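Chemist: The listed protein sequences correspond, in order, to chains A, B, C and D. Going by the numbering used here, the first sequence runs without a break in its numbering and finishes at 218. Going by the numbering used here, the second sequence runs without a break in its numbering and finishes at 218. Going by the numbering used here, the third sequence runs without a break in its numbering and finishes at 218. Going by the numbering used here, the fourth sequence runs without a break in its numbering and finishes at 218. My questions will all concern the structure given below.
Protein chains: 4
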Amino acid sequence: MQAKNSPDKQKERTFIESARRAQIVAAAIEVIADQGYGNASFAKIAKQAGLSSTGMISYHFKGKDDLIREVVAEFMRLTAVHLTGKMDAETTMAGRLRTYITARIAMLDEYPKHFLAVLEIVSAVRAEDPELRGLTPGMAYFFSVQEERFREGQRAGEFREFDPKIMVLALHGAINEATARAAVDPDFDSAVCGRELADLFEAATRKDGMSHDN
Amino acid sequence: MQAKNSPDKQKERTFIESARRAQIVAAAIEVIADQGYGNASFAKIAKQAGLSSTGMISYHFKGKDDLIREVVAEFMRLTAVHLTGKMDAETTMAGRLRTYITARIAMLDEYPKHFLAVLEIVSAVRAEDPELRGLTPGMAYFFSVQEERFREGQRAGEFREFDPKIMVLALHGAINEATARAAVDPDFDSAVCGRELADLFEAATRKDGMSHDN
Amino acid sequence: MQAKNSPDKQKERTFIESARRAQIVAAAIEVIADQGYGNASFAKIAKQAGLSSTGMISYHFKGKDDLIREVVAEFMRLTAVHLTGKMDAETTMAGRLRTYITARIAMLDEYPKHFLAVLEIVSAVRAEDPELRGLTPGMAYFFSVQEERFREGQRAGEFREFDPKIMVLALHGAINEATARAAVDPDFDSAVCGRELADLFEAATRKDGMSHDN
Amino acid sequence: MQAKNSPDKQKERTFIESARRAQIVAAAIEVIADQGYGNASFAKIAKQAGLSSTGMISYHFKGKDDLIREVVAEFMRLTAVHLTGKMDAETTMAGRLRTYITARIAMLDEYPKHFLAVLEIVSAVRAEDPELRGLTPGMAYFFSVQEERFREGQRAGEFREFDPKIMVLALHGAINEATARAAVDPDFDSAVCGRELADLFEAATRKDGMSHDN
DNA sequence: CATGAATGAGTGTTCATTCAT
DNA sequence: AATGAATGAACACTCATTCAT
Chain A
5 MQAKNSPDKQ
15 KERTFIESAR
25 RAQIVAAAIE
35 VIADQGYGNA
45 SFAKIAKQAG
55 LSSTGMISYH
65 FKGKDDLIRE
75 VVAEFMRLTA
85 VHLTGKMDAE
95 TTMAGRLRTY
105 ITARIAMLDE
115 YPKHFLAVLE
125 IVSAVRAEDP
135 ELRGLTPGMA
145 YFFSVQEERF
155 REGQRAGEFR
165 EFDPKIMVLA
175 LHGAINEATA
185 RAAVDPDFDS
195 AVCGRELADL
205 FEAATRKDGM
215 SHDN
Chain B
5 MQAKNSPDKQ
15 KERTFIESAR
25 RAQIVAAAIE
35 VIADQGYGNA
45 SFAKIAKQAG
55 LSSTGMISYH
65 FKGKDDLIRE
75 VVAEFMRLTA
85 VHLTGKMDAE
95 TTMAGRLRTY
105 ITARIAMLDE
115 YPKHFLAVLE
125 IVSAVRAEDP
135 ELRGLTPGMA
145 YFFSVQEERF
155 REGQRAGEFR
165 EFDPKIMVLA
175 LHGAINEATA
185 RAAVDPDFDS
195 AVCGRELADL
205 FEAATRKDGM
215 SHDN
Chain C
5 MQAKNSPDKQ
15 KERTFIESAR
25 RAQIVAAAIE
35 VIADQGYGNA
45 SFAKIAKQAG
55 LSSTGMISYH
65 FKGKDDLIRE
75 VVAEFMRLTA
85 VHLTGKMDAE
95 TTMAGRLRTY
105 ITARIAMLDE
115 YPKHFLAVLE
125 IVSAVRAEDP
135 ELRGLTPGMA
145 YFFSVQEERF
155 REGQRAGEFR
165 EFDPKIMVLA
175 LHGAINEATA
185 RAAVDPDFDS
195 AVCGRELADL
205 FEAATRKDGM
215 SHDN
Chain D
5 MQAKNSPDKQ
15 KERTFIESAR
25 RAQIVAAAIE
35 VIADQGYGNA
45 SFAKIAKQAG
55 LSSTGMISYH
65 FKGKDDLIRE
75 VVAEFMRLTA
85 VHLTGKMDAE
95 TTMAGRLRTY
105 ITARIAMLDE
115 YPKHFLAVLE
125 IVSAVRAEDP
135 ELRGLTPGMA
145 YFFSVQEERF
155 REGQRAGEFR
165 EFDPKIMVLA
175 LHGAINEATA
185 RAAVDPDFDS
195 AVCGRELADL
205 FEAATRKDGM
215 SHDN
C-alpha cells in the first residue's frame with residue numbers, strides 16, 4: 005500500500021532533523037563533559053540546547069541509549085578524520101606511534117569536551133551492557149588494529165619483544181589519564197604532554213641499544 | 005597520613021557503630037564495583053548489607069559524600085599497608101618502580117572490588133567537587149611522592165631525563181586501565197600484565213644504552 | 005439510522021479523504037483489538053496504518069473521540085448488514101432469537117477484531133462520557149428494539165413472563181463474554197458456543213412445559 | 005550475618021504499613037470505579053487517598069501491577085466471605101445456583117465500587133499479560149469449580165444436558181453486564197435483577213417439563 | 001492534501017534524606 | 001542504637017494535539 009523502493013528500512017533523515025540531532029548531541033557533549041555522565045539528564049541537556057522540553061529530545065532520539073550512541077559515533081568520526089591522514093604519511097612504525105600520540109593529545113586542545121564526554125561515558129557504562137551505546141565494536145576493532153601495528157613493528161625489527169595487548173592497554177590508559185587531567189589541571193600543557201608521552205612510548209618500545217640519535 | 009588524635013571535632017565512635025560503618029562500606033564497595041557508581045543507590049547498598057532500610061545508612065553517615073569518602077579512605081589504608089613494606093625493601097629506584105607496579109597489579113587479584121569501586125568513584129566525581137569525597141588531598145600527595153621518587157632516580161643517574169609529572173600520569177593511567185580491563189576481560193592475566201608493565205616502564209625510564217643484558 | 009442528507013453542517017468528504025479515514029479506522033480496530041484500548045495510541049495506529057506521523061490522524065479526525073466514534077459506527081454498519089436480513093426471514097420470535105444469537109456468534113469468526121475492539125471501547129469509556137464516542141444513542145436504540153421484540157413474543161404467547169430489560173441485559177452480557185473469550189481461548193468453538201447459547205436462551209424464554217420434543 | 009529464622013522470605017508487614025496499603029487500595033478502587041482504569045493514575049489515586057505524592061504509593065507497592073493485584077485480591081477475599089456461607093446452606097444444585105446469583109447481585113448494592121473496579125481491570129488487562137495482576141489463577145479456578153457444580157447437577161438429574169463451559173460463560177457475562185449497568189443506570193433495581201436472573205438461569209438449566217411449582 | 005517538527009502535561013518509578021518513635 | 005514511614009524533587013519517556021510549510 006506504501007511503495008517503498010528503498011532496499012532497507014533506511015530512516016531517510018530530513019535536513020532539519022539532522023540539524024536538531026546535531027544540536028542535541030553537541031549539548032549532550034557539553035553537559036556530560038561539564039557536569040559528568042551521572043548528572044547529564046535530559047532536562048539539563050535540553051536546557052543547554054535551548055530547548056523548552058525534554059520531550060523534544062525523546063522525539064529526535066529513540067531513547068537515552070540512542071543519544072549516547074550518537075555522541076560516541078560523533079567522537080569516532082572526529083578522531084578518524086583527524087588521525088588517519090597524518091598517520092598514513094609516516095613510513096616507520098615508530099614514526100606512526102609518535103604521530104598518533106602527539107596528534108591525539110593535540111586534539112585535547114581542539115575538542116576538550118568531546119574526549120572528556122566519551123571518557124565519562126566509557127567509565128559510566130562499564131557495569132552496564134556497553135553494546136547498547138555502540139562502544140564495544142568500535143573500541144575492540146580499534147584496539148585490535150593497534151595491536152597488529154605493534155606486531156608489525158616487532159616483525160620489522162623496530163620494536164623490542166613485548167605483549168602488544170599490554171602495550172595498547174598502557175598507551176590508552178596514559179592517553180585517557182591525560183584527557184582527564186587536561187580537564188582538571190589549568191597548568192596542563194598539551195604540547196609538553198604529547199612530546200613526553202611520545203618519548204616515553206618510544207623508549208618503551210624500541211629495541212635495546214637503539215637510540216633516537218643514531 | 006591522617007592525624008587521629010587531632011583536637012578537631014573528632015567523633016568518638018563506639019565499637020558497634022564502627023562495625024556498622026565497616027559493614028556498610030563493604031557493601032558499598034561491592035555494589036559500586038558490581039553495578040557501577042551510577043547504580044549504587046542507598047537502596048541497593050542497604051540490600052547488599054542485609055539492612056532493611058536506607059535510613060540506617062543515613063543514620064551512620066552524614067550523607068552520600070560521607071559514605072563515598074569512607075570507601076576511598078578504606079582503599080587508601082589497604083594500599084598503604086600492602087605496598088609500603090615491599091617497596092622499602094628495594095634499594096634502587098628502578099627496583100622500587102618494578103616492585104610497585106607488580107605489587108599493585110597483583111593486588112587486583114586480591115581485592116578486585118576495591119580497586120574497581122575507587123576507579124568508578126574517581127571517574128564519576130571528576131565533574132563534581134572531588135574534595136567532598138576526600139579524593140584530592142590523598143591523590144595529590146600520593147602523586148607528588150611518586151614524582152619525587154622519579155626525580156631521585158634521575159638525580160641518582162638511574163633514570164633518563166623526562167617530565168616526572170607525565171611519567172606519573174602515564175603510570176597511573178596504565179594501572180587504571182589494567183584495573184578496568186581486569187574487571188571485564190575474563191582472559192586477563194595479572195601476572196603477565198604486571199611483568200609486562202614493569203618491563204614497559206623500566207624501558208621507558210632507564211638511561212639510553214643501559215640495558216639489563218649488556 | 006443516520007440521515008445522510010440532513011441539512012446540518014455535513015462535511016462533504018472527497019473520495020481520497022474517505023479512503024484515508026477508512027484506512028485509519030481499520031488500523032485503529034486492529035491495534036485496539038490486539039493491544040487493548042489503553043495501548044492504542046495515535047503513534048501505534050499510525051504505524052499500523054503505514055503512516056509516518058500521528059499528525060496525519062489528527063488531520064483527518066477532529067480528535068481521538070472522533071476516531072473512536074468512527075470505529076463504533078463502522079462496527080454498527082457491519083452488524084446491521086449481517087443481521088437484519090437473516091432475522092427478517094424468521095417468522096416466530098423464538099426463531100428470530102435463535103437466529104440472532106447464532107449469527108452474532110458466527111460473526112466472531114469473520115470479524116474477530118471488530119467485535120473485540122468495540123468491546124474494549126465500551127469497557128474503557130464507561131466512566132467517561134460515552135456520548136462523545138457515539139455509543140449511547142446507538143446502543144440504547146438497539147436495546148430498546150430488542151426489548152420490544154421480547155415483549156412481542158410474550159404477547160404472542162411464545163415467551164414466558166420475564167423482565168425484557170433483564171433478558172436483554174443477560175443476552176448481551178453472554179455475547180460479550182463470548183467475544184472476549186474467543187479472543188483469548190484458542191479452544192473456543194464458535195459453532196458450539198452459538199448453538200449452546202441459542203439453546204440456553206430458548207430454554208430461558210419459552211413457556212413452562214413447552215419443549216421442542218413433546 | 006543476619007539471623008533469619010523465618011523459613012521463607014515472608015515480608016512481615018507492620019500494622020501501619022498494612023493500614024496504608026489498605027487505604028491506598030481503597031482509594032484505587034474508588035478511582036478506578038469512578039474514572040475508569042485508563043484514568044487511574046498514581047497521581048489521581050494519591051489525591052483520592054489524601055497523600056501528598058505518588059512516591060508514597062511506590063513506597064508501599066512494588067509497582068502498579070502490585071497495587072492492581074492487591075485490588076483484585078481484596079475483591080476476591082470479599083466475594084469469598086459473602087458467598088461461601090450462604091451457598092453451603094443450600095442442598096440442591098438449583099438452590100445453590102439461585103442463591104449464588106441473587107447474593108452476587110445483592111452485593112452490587114453493598115460494594116458497588118469493588119465490582120466495577122475489578123470489571124474495569126479485567127477488561128483493561130485482557131490484551132496484556134493477565135498473570136501479572138493475579139487474575140488468571142483465581143478466575144480459572146473459580147470458573148472450573150462452577151463448571152463442576154453444573155456437571156454435578158446434571159449427574160444428579162437436576163439439570164438438562166448443556167455445555168457447562170458455555171453456561172458458566174453466560175452466567176458471568178450476565179452478571180458482569182449487570183454490574184456495569186448498575187453503575188450507569190440510576191433506575192437499576194438489584195432486587196429485581198437478581199430475581200429475574202435467577203429465574204432466567206433456573207429456566208435455562210432445569211430439565212424439560214420440570215417447573216418450579218411441581 | 002499532507003507532513004514532520006514541536007509542545008507541554010502526564011506517566012510510573014527511584015532517589016537521598018528527614019524524623020518521630 | 002535503630003527503624004520504617006514519609007517526602008518531594010528528579011528521572012526517562014509517551015501522549016494527543018497544533019501548526020507552519
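We put the CB at the ideal spot given by N, CA and C, even for glycine. All values reported here derive from a predicted model rather than from experimental measurement.
1) Could you check what DSSP says for arginine 185(D) in three-state terms: helix, strand or coil?
2) Measure the C-alpha to C-alpha separation of isoleucine 33(A) and histidine 118(A) and round it to an integer number of angstroms.
3) Bridge partners of phenylalanine 3(B), per DSSP?
4) Give the C-beta separation of tyrosine 104(B) and leucine 82(B) to the nearest angstrom, bearing in mind that I take them to be a contact with Cβ-Cβ under 8 Å.
5) Which chain B residues are close to aspartate 203(A), counting only those with a beta carbon under 8 Å from its beta carbon?
6) Less than 8 Å between the C-beta atoms of threonine 58(B) and alanine 47(B), yes or no?
7) Taking 8 Å as the CB-CB limit, is isoleucine 105(A) close to chain B?
8) Helix, strand or coil for leucine 55(B), going by three-state DSSP, please let me know.
9) Round the Cβ separation of isoleucine 125(B) and isoleucine 36(B) to the nearest angstrom and send it over; I've been treating them as touching at under 8 Å.
10) Which same chain residues, not among the five before or five after arginine 25(C), have their C-beta less than 7 Å away from its C-beta?
11) With distance defined between alpha-carbon atoms, name the residue in Val149(D), Lys211(D), Ala131(D) and Pro190(D) nearest to phenylalanine 166(D).
12) Note down, in chain order, all residues in the stretch 118–150 of chain D with a beta-carbon under 8 Å from any beta-carbon belonging to chain C.
13) Considering only residues of the stretch 27–114 of chain D, which uninterrupted alpha helix (DSSP H) runs meet the minimum length of 4 residues and lie entirely inside it, listed in chain order?
14) Can you name, in chain order, every residue of its own chain whose Cβ lies under 6 Å from the Cβ of alanine 174(C), other than the five neighbours on each side?
15) Using the beta-carbon of each residue, which ones in chain C are nearer than 7 Å to glutamine 39(D)?
16) On the premise that methionine 97(A) lies in contact with glutamate 16(A), defined as a C-beta separation below 8 Å, what is that separation, rounded to the nearest angstrom?
17) With a CB to CB cut of under 7 Å and the five nearest residues on each side skipped, what residues in its chain are close to alanine 110(B)?
18) Going along chain D in order, which residues have a C-beta closer than 9 Å to the C-beta of methionine 171(C)?
19) Of all Cβ atoms in chain A, is any one closer than 8 Å to the Cβ of arginine 73(B)?
20) Tell me, please, whether the CB atom of lysine 48(A) is closer than 8 Å to any CB atom in chain B?
21) Indicate the three-state DSSP secondary structure (helix, strand or coil) for alanine 131(A) in the structure shown.
22) Closer than 8 Å by beta-carbon distance: list the chain B residues that pair up with valine 196(A), in chain order.
23) Where arginine 247(B) and alanine 93(B) are concerned, what is the direct C-alpha to C-alpha distance, given to the nearest angstrom?
24) Going by Cα to Cα distance, which pick from Ser127(D), Tyr41(D) and Ala208(D) is closest to glutamate 132(C)?
25) Spatial neighbours of alanine 53(D) within its chain, please: CB distance less than 7 Å, with the 5 preceding and 5 following residues excluded, ordered by chain position.
26) At the 8 Å Cβ level, is glutamate 1(C) part of the contact set with chain D, yes or no?
27) So, helix, strand or coil for aspartate 191(D), using DSSP?
28) Does threonine 18(B) come out as helix, strand or coil in the three-state DSSP assignment?
29) Assign serine 56(A) to buried or exposed, taking buried as 16 or more other Cβ atoms, counted over all protein chains shown, within 10 Å of its Cβ.
30) For valine 188(A), decide whether its Cβ has a neighbour in chain B, counting only Cβ atoms nearer than 8 Å.
31) Roughly how many angstroms separate the alpha carbons of lysine 68(A) and leucine 71(C), rounded to a whole number?
32) So is aspartate 203(B) buried or exposed if we call it buried at 16+ other beta carbons inside 10 Å?
33) At the 8 Å Cβ level, is alanine 93(C) part of the contact set with chain D, yes or no?
34) Apart from the five residues on each side of it in sequence, which residues of its chain come closer than 8 Å, Cβ to Cβ, to alanine 23(D)?
Modeler: Let me lay it out:
1) Numbered from 1 along the fourth sequence, position 181 holds the residue referred to as residue 185(D). Helix.
2) Numbered from 1 along the first sequence, position 29 holds the residue referred to as residue 33(A). Numbered from 1 along the first sequence, position 114 holds the residue referred to as residue 118(A). Answer to the nearest angstrom: the Cα atoms are 6 Å apart.
3) Limits of chain B in this structure are 5 at one end and 218 at the other, which puts residue 3(B) out of reach.
4) As a working mapping, residue 104(B) is identified with position 100 in the second sequence. As a working mapping, residue 82(B) is identified with position 78 in the second sequence. Not confirmed; about 15 Å, so no contact.
5) Counting from one through the first sequence, the residue named residue 203(A) turns up at place 199. Chain B residues near aspartate 203(A): Phe166.
6) As a first step, residue 58(B) must be located in the second sequence, where it is residue number 54. As a first step, residue 47(B) must be located in the second sequence, where it is residue number 43. Yes, these two residues count as a Cβ contact at 8 Å.
7) Residue 105(A) sits at position 101 when you count from the first residue of the first sequence. Answer no: the Cβ-Cβ gap between isoleucine 105(A) and chain B never drops below 8 Å.
8) Here the question's residue 55(B) lines up with position 51 in the second sequence. Of the three classes helix, strand and coil, the one that applies to leucine 55(B) here is coil, per DSSP.
9) One-based indexing of the second sequence puts residue 125(B) at position 121. One-based indexing of the second sequence puts residue 36(B) at position 32. Right, the Cβ-Cβ distance comes to about 7 Å (below 8 Å), so this counts as a contact.
10) Your numbering for residue 25(C) matches position 21 in the third sequence. Cβ within range, chain order: His64 and Glu74.
11) The sequence position of residue 166(D) within the fourth sequence is 162, counting from 1. Comparing Cα-Cα distances from phenylalanine 166(D) to each of Val149(D), Lys211(D), Ala131(D) and Pro190(D), the minimum goes to Lys211(D).
12) Leu123, Glu124, Ser127, Ala128, Val129, Arg130, Ala131 and Glu132
13) 46–53, 59–64, 68–92 and 97–114
14) Numbered from its first residue, the third sequence carries residue 174(C) at position 170. There are no such residues.
15) The count along the fourth sequence starts at 1 and reaches residue 39(D) at position 35. Within chain C, the residues near glutamine 39(D) are Ala131.
16) To locate residue 16(A), count along the first sequence from 1; it is residue 12. To locate residue 97(A), count along the first sequence from 1; it is residue 93. Between methionine 97(A) and glutamate 16(A) the Cβ distance is about 43 Å, and since that is not below 8 Å, they are no contact.
17) Indexing the second sequence from 1 puts residue 110(B) at position 106. Correct list, in chain order: Ser194 and Gly198.
18) In the third sequence, counting from the first residue as 1, residue 171(C) sits at position 167. Simply Glu200 and Leu204.
19) Numbered from 1 along the second sequence, position 69 holds the residue referred to as residue 73(B). Closer than 8 Å: no.
20) Counting from 1 along the first sequence, the entry for residue 48(A) is found at position 44. Taking Cβ atoms only, chain B never reaches closer than 8 Å to lysine 48(A), which makes this a no.
21) Numbered from its first residue, the first sequence carries residue 131(A) at position 127. Three-state DSSP puts alanine 131(A) in coil, outside helix and strand.
22) Taking the first residue of the first sequence as position 1, residue 196(A) is located at position 192. Residues of chain B passing the Cβ test: Asp167 and Ile170.
23) Outside the shown range of chain B, which is 5 to 218, sits residue 247(B), and nothing can be said about it.
24) Start at 1 with the first residue of the third sequence, and residue 132(C) comes out as number 128. Considering only alpha carbons, the answer is Tyr41(D).
25) Stepping through the fourth sequence from its first residue, residue 53(D) is reached at position 49. Excluding residues within five positions, the ones whose Cβ falls inside 7 Å are Gln27, Ile28 and Ala31.
26) No information on residue 1(C) is available, as it lies outside the stretch 5 to 218 that chain C covers here.
27) The count along the fourth sequence starts at 1 and reaches residue 191(D) at position 187. It is coil, neither helix nor strand.
28) On the second sequence, position 14 is the one that residue 18(B) refers to. Of the three classes helix, strand and coil, the one that applies to threonine 18(B) here is coil, per DSSP.
29) As a working mapping, residue 56(A) is identified with position 52 in the first sequence. The residue in question, serine 56(A), is exposed, as its Cβ has fewer than 16 Cβ neighbours within 10 Å.
30) By one-based count along the first sequence, residue 188(A) stands at place 184. Answer yes: the Cβ-Cβ gap between valine 188(A) and chain B drops below 8 Å somewhere.
31) The sequence position of residue 68(A) within the first sequence is 64, counting from 1. The sequence position of residue 71(C) within the third sequence is 67, counting from 1. Taking the straight line joining both Cα atoms gives about 32 Å.
32) Against the second sequence, residue 203(B) aligns to sequence position 199. So aspartate 203(B) ends up on the buried side.
33) Your numbering for residue 93(C) matches position 89 in the third sequence. No, because no Cβ of chain D sits closer than 8 Å to the Cβ of alanine 93(C).
34) Taking the first residue of the fourth sequence as 1, we reach residue 23(D) at position 19. Contacts found: none.
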